[in-house]
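Numbering (the working numbering), first residue to last: 7 to 91. Before any comments, here is the structure.
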């Protein structure tokens with residue numbers, strides 16, 4: 007017997023993981039505003055904590071976008087697959 011949640015479970019998991027990645031990125035960008043007052047300049051021209059937080063937030067955004075694309079691909083593949091009756 008066909009059950010819709012079994013076939014869409016991976017797409018839902020990808021979507022949930024994307025939401026978590028987007029929320030994590032937003033939280034990191036919010037924390038970034040507090041860093042200039044806390045962290046001073048780093049000696050020797052090394053990357054500042056603020057820059058590292060921005061890089062991690064951008065990577066999380068990219069991962070979230072990739073996960074959304076993977077969820078969409080799963081749903082498109084489900085739609086193209088013929089259903090057995």
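Every residue, glycine too, gets a C-beta built ideally from N, C-alpha and C.
The criterion of a C-beta distance shorter than 7 Å is satisfied by residue 70 and residue 28.
Taking 7 Å as the cut-off, the Cβ atoms of residue 66 and residue 30 count as close.
One Cα belongs to residue 22, the other to residue 13, and the distance between them is close to 16 Å. 60 is the residue among 85, 87, 60 and 80 whose C-alpha sits nearest the C-alpha of residue 36. Listed in chain order, the non-local C-beta contacts of residue 76 below 6 Å within the same chain comprise 20, local neighbours out to five positions each way being set aside.
When the five nearest sequence neighbours on each side are left out, the beta carbons in the same chain lying within less than 7 Å of the beta carbon of residue 38 are those of 56, 59 and 60, in order along the chain. For residue 53, no alpha helix (DSSP H) run applies, since DSSP gives it neither H nor E.
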